[in-house]
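A.B. asks:
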Amino acid sequence: MTNLPVASIYIHFPWCLAKCPYCDFVSYATERDDIDHAGYADAIIREAEARARYLETDGSDARRIGSVFFGGGTPSLWDPRELGRVLERLRGLFAIDGDAEITVECNPTSLDGDRARALVDAGANRLSIGTQSLRQEQLRYLGRLHDPAGAQAAVAAAIEAGVPRVSTDLIFGLPNQTPEDARDQAETLASAGLRHLSCYQLTIEPGTQFGERKKRGLLPMADEGAVADSFLAIDEALERHGLRHYEISNYAAPGHEARHNLAYWRGDEYVGLGCGAFGYVRNRRGENGEDGSRSTGVRWRNAIVPKDYVARTKSMRSDAIDEGDGVTVMREDLSSESLLRERIMLGLRIAEGVDLARAADDLGIDPWTPERLRTIDALAERGRVVREGDVLRVPRAAWLFTDDTASRLF
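Structural data, given as structure tokens:
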């Protein structure tokens with residue numbers, strides 16, 4: 000089984016205690032006691048059973064599961080016994096590796112030593128903690144419910160509880176933030192014993208509270224030069240702590256990279272379960288898309304309202320992934336060319352780069368078109384890309400320009 004293509008499972012838990020103003024994920028603010036913990040677990044299991052039956056007919060035995068990720072929302076609000084019940088059923092339905100990475104996203108307000116140990120008992124071996132900042136005024140700006148002491152206490156509790164892998168998130172690029180402040184916060188977290196750290200530039204998405212305020216000219220914005228300097232300052236600081244900058248926003252000690260996220264960036268398949276979840280699988284059946292054209296892959300999205308999602312799983316069909324199966328509200332048929340564009344865009348984000356020979360094998364397409372080769376040569380002359388055989392990567396000195404570089408290769 001170890002030679003089979005890897006895939007992942009993503010489970011979305013849509014509830015949190017408060018909706019952050021920058022968040023554009025499917026999430027709903029609620030009280031912990033108002034969540035139907037068992038009912039949602041039942042719904043996830045019903046969907047998983049239906050998706051597994053569908054995948055069996057197109058060769059689910061040709062996929063092994065290398066990672067399972069519980070994201071949200073705030074999955075650490077979920078009763079660990081119910082989360083564990085879901086995980087146990089998934090192991091019965093899918094070929095999950097014995098050493099698979101099992102991640103649960105957590106917020107400091109719902110994570111202490113007891114909860115960390117309960118999550119490990121449920122099957123988790125990695126916790127990703129939404130610290131976001133160690134400054135009170137920044138946490139207030141970001142709409143977070145915890146304070147700096149609570150953030151550091153949650154990290155310490157997870158480490159002391161013996162969680163095999165602990166990661167945390169840090170947001171930089173905030174109004175009036177200096178590069179020195181961003182660097183100092185990253186160093187503080189690295190000094191706590193973390194072997195993985197995600198450092199994200201604050202982005203303002205349409206439809207969020209911040210997005211609406213920006214549209215009305217009411218949101219203070221960070222200076223672009225300071226944001227770039229913060230990116231470089233964090234990079235230098237974490238490299239000194241032995242955390243390798245393996246993806247534009249992620250740092251890890253060797254062997255502690257996030258396998259689940261690496262699978263996304265490498266273009267691997269993922270089965271999305273839960274309210275609002277996305278999934279993607281390659282088309283092994285040879286089905287045509289809805290417009291009659293050849294489809295190389297299928298992406299879908301589930302119902303985004305929790306009560307609708309739960310109800311729909313009770314009558315879900317398993318003979319197809321489409322908008323008539325009960326749970327799916329969006330199906331997108333993906334061509335080889337569109338998947339190649341995604342592979343390039345995501346693969347250039349990681350230090351290892353994108354293996355275009357593997358992409359050609361996976362997608363049945365020749366990536367080395369004359370136009371693309373000319374563009375690669377031009378970008379290489381400018382120091383934007385490096386080509387090493389079939390691998391194309393962005394040198395670290397040009398990471399700040401990765402999005403622009405990738406767009407030129409489409």
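Position 220, counted from 1, in the sequence shown is what numbering that gives the first Met the number 0 calls 219; the numbers after and before it change by one each time, with no gaps. All C-beta atoms, glycine included, are put in the ideal place defined by N, C-alpha and C.
Which full runs of the beta strand (DSSP E) of 3+ residues lie inside the stretch 244-282, going along the chain?
C.D. replies: 249-251, 268-273 and 277-281, all fully within the stretch 244-282.
A.B. asks: Leaving out five residues before and five after D96 in sequence, what residues of the same chain have Cβ atoms less than 7 Å from its Cβ?
C.D. replies: Start at 1 with the first residue of the sequence shown, and residue 96 comes out as number 97. If we look at D96 and ignore the five residues flanking it on each side, its Cβ neighbours are R63, I64 and G65.
A.B. asks: Can you tell me which of the three DSSP states T167 falls into?
C.D. replies: Locating residue 167 in the sequence shown gives position 168, where the first residue counts as 1. It is a strand residue.
A.B. asks: Helix, strand or coil: which one does DSSP assign to D389?
C.D. replies: Here residue 389 is taken as the residue at index 390 of the sequence shown, counted from 1. Three-state result, D389: coil.
A.B. asks: Work out the CA separation of L391 and L347 for me, nearest whole Å.
C.D. replies: In the sequence shown, the residue the question calls residue 347 occupies position 348. In the sequence shown, the residue the question calls residue 391 occupies position 392. Straight-line Cα distance between these residues: approximately 7 Å.
A.B. asks: Three-state secondary structure (DSSP) at R84?
C.D. replies: Counted from its first residue, the sequence shown places residue 84 at position 85. R84 falls in the helix class under three-state DSSP.
A.B. asks: Write down every uninterrupted run of the beta strand (DSSP E) in the stretch 80-132 whose length is 3 residues or greater and which is fully enclosed by it, in chain order.
C.D. replies: Those beta strand (DSSP E) runs which fall completely within the stretch 80-132 and span 3+ residues are 95-105 and 125-131.
A.B. asks: Taking 9 Å as the cut-off, decide whether the C-beta atoms of H195 and V165 are in contact.
C.D. replies: Against the sequence shown, residue 195 aligns to sequence position 196. Against the sequence shown, residue 165 aligns to sequence position 166. Yes.
A.B. asks: With 16 as the cutoff for other CB atoms within 10 Å, does S127 come out buried or exposed?
C.D. replies: Within the sequence shown, the letter at position 128 stands for residue 127. Flag for S127 reads buried.
A.B. asks: Can you give me the C-alpha to C-alpha distance between T368 and F409, rounded to a whole angstrom?
C.D. replies: Within the sequence shown, numbered from 1, the residue matching residue 368 stands at position 369. Within the sequence shown, numbered from 1, the residue matching residue 409 stands at position 410. Each residue's alpha carbon lies about 11 Å from the other.
A.B. asks: Go through its chain and collect everything with a Cβ distance to Q354's Cβ below 7 Å, but skip five positions before and after it.
C.D. replies: Within the sequence shown, the letter at position 355 stands for residue 354. Rather than Gln, the amino acid found at residue 354 in this sequence is Asp. Around D354: D389 and V390.
A.B. asks: Using alpha carbons as the reference points, say which of R31, I34, V67 and D35 lies closest to A47.
C.D. replies: Within the sequence shown, residue 47 is the residue found at index 48, counting from 1. Considering only alpha carbons, the answer is V67.
A.B. asks: Are the beta-carbon atoms belonging to R45 and K306 less than 9 Å from one another?
C.D. replies: Locating residue 45 in the sequence shown gives position 46, counting from the first residue. Locating residue 306 in the sequence shown gives position 307, counting from the first residue. Contact flag unset, no.
A.B. asks: Let me check understanding here. Comparing Cα to Cα, which of F277, G72 and E322 lies closest to C19?
C.D. replies: What you label residue 19 is simply residue 20 of the sequence shown in a count that begins at 1. Answer by Cα proximity: G72.
A.B. asks: Mind the definition here: the stretch 112-128 touches the stretch 163-177 only if three or more C-beta pairs lie below 8 Å; say whether that holds.
C.D. replies: Yes, the stretch 112-128 is in contact with the stretch 163-177.
A.B. asks: Just checking my contact of I110 with W14 at CB under 8 Å: how many whole Å lie between their CB atoms?
C.D. replies: By one-based count along the sequence shown, residue 110 stands at place 111. By one-based count along the sequence shown, residue 14 stands at place 15. The displayed chain sequence assigns Leu, not Ile, to residue 110. That pair is no contact at about 15 Å.
A.B. asks: According to DSSP, simplified to helix, strand and coil, what is I158?
C.D. replies: Along the sequence shown, read from residue 1 onward, the residue named residue 158 stands at position 159. Of the three classes helix, strand and coil, the one that applies to I158 here is helix, per DSSP.
A.B. asks: Less than 9 Å between the C-beta atoms of V384 and F93, yes or no?
C.D. replies: Taking the first residue of the sequence shown as position 1, residue 384 is located at position 385. Taking the first residue of the sequence shown as position 1, residue 93 is located at position 94. The answer is no: Cβ separation not under 9 Å.
A.B. asks: Kindly indicate the opening and closing residues of the beta strand (DSSP E) around A302.
C.D. replies: Working through the sequence shown from its first residue, we reach residue 302 at position 303. Taken as a continuous stretch (DSSP letters only), A302 belongs to no beta strand (DSSP E), as it is neither H nor E.
A.B. asks: Any idea if R373 is buried or exposed, counting beta-carbon neighbours within 10 angstroms, 16 or more meaning buried?
C.D. replies: In the sequence shown, the residue the question calls residue 373 occupies position 374. Exposed, because fewer than 16 other Cβ atoms sit within 10 Å of the Cβ of R373.
A.B. asks: Applying the 10 Å Cβ sphere with the 16-neighbour rule, what's the burial state of N135?
C.D. replies: Translated into positions along the sequence shown, residue 135 becomes position 136. Before going further, note that residue 135 is Gln rather than Asn in the sequence given. Label assigned to Q135: exposed.
A.B. asks: Quick check on A37: buried or exposed, where buried means 16 or more other Cβ atoms within 10 Å of its Cβ?
C.D. replies: Within the sequence shown, residue 37 is the residue found at index 38, counting from 1. The residue is exposed, with fewer than 16 neighbouring Cβ atoms inside 10 Å.
A.B. asks: Candidates R212, A152 and A189: which alpha carbon is nearest Y140's?
C.D. replies: Indexing the sequence shown from 1 puts residue 140 at position 141. When only C-alpha atoms are compared, the closest one is R212.
A.B. asks: Can you tell which of G273, Y279 and E87 has the C-alpha that lies nearest to the C-alpha of N301?
C.D. replies: One-based indexing of the sequence shown puts residue 301 at position 302. Out of G273, Y279 and E87, G273 has the C-alpha closest to the C-alpha of N301.
A.B. asks: Hey, how far is the Cα of P394 from the Cα of G352?
C.D. replies: Walking along the sequence shown from the start, residue 394 turns up at place 395. Walking along the sequence shown from the start, residue 352 turns up at place 353. Whole-angstrom Cα-Cα distance: 9 Å.
A.B. asks: Where does M329 fall in DSSP's three states?
C.D. replies: Stepping through the sequence shown from its first residue, residue 329 is reached at position 330. The answer is strand: DSSP assigns M329 an E or B state.
A.B. asks: Please go through the same chain and pick out, in chain order, the residues whose beta-carbon is closer than 8 Å to the beta-carbon of G83, but skip the five residues on each side of it.
C.D. replies: By 1-based counting over the sequence shown, the position of residue 83 is 84. If we look at G83 and ignore the five residues flanking it on each side, its Cβ neighbours are D120, A121 and G122.
A.B. asks: Just to confirm before moving on: does the CB-CB distance between N282 and P219 stay below 9 Å?
C.D. replies: As a working note, residue 282 is residue 283 in the sequence shown. As a working note, residue 219 is residue 220 in the sequence shown. Taking 9 Å as the Cβ cut-off, N282 and P219 do not qualify as a contacting pair.
A.B. asks: What runs of the beta strand (DSSP E), each 3 residues or longer, lie entirely inside the stretch 177-256?
C.D. replies: Here the runs fully enclosed are 195-200, 243-246 and 249-251.
A.B. asks: Taking a contact to mean a Cβ-Cβ separation below 9 Å, would you say L362 touches S335 in this structure?
C.D. replies: The count along the sequence shown starts at 1 and reaches residue 362 at position 363. The count along the sequence shown starts at 1 and reaches residue 335 at position 336. For L362 and S335, yes; Cβs fall inside 9 Å.
A.B. asks: Indicate the three-state DSSP secondary structure (helix, strand or coil) for A150 in the structure shown.
C.D. replies: Numbered from its first residue, the sequence shown carries residue 150 at position 151. It is helical.
A.B. asks: For D318 and R50, I'd like the C-alpha separation in whole angstroms.
C.D. replies: Counting from one through the sequence shown, the residue named residue 318 turns up at place 319. Counting from one through the sequence shown, the residue named residue 50 turns up at place 51. Answer to the nearest angstrom: the Cα atoms are 9 Å apart.
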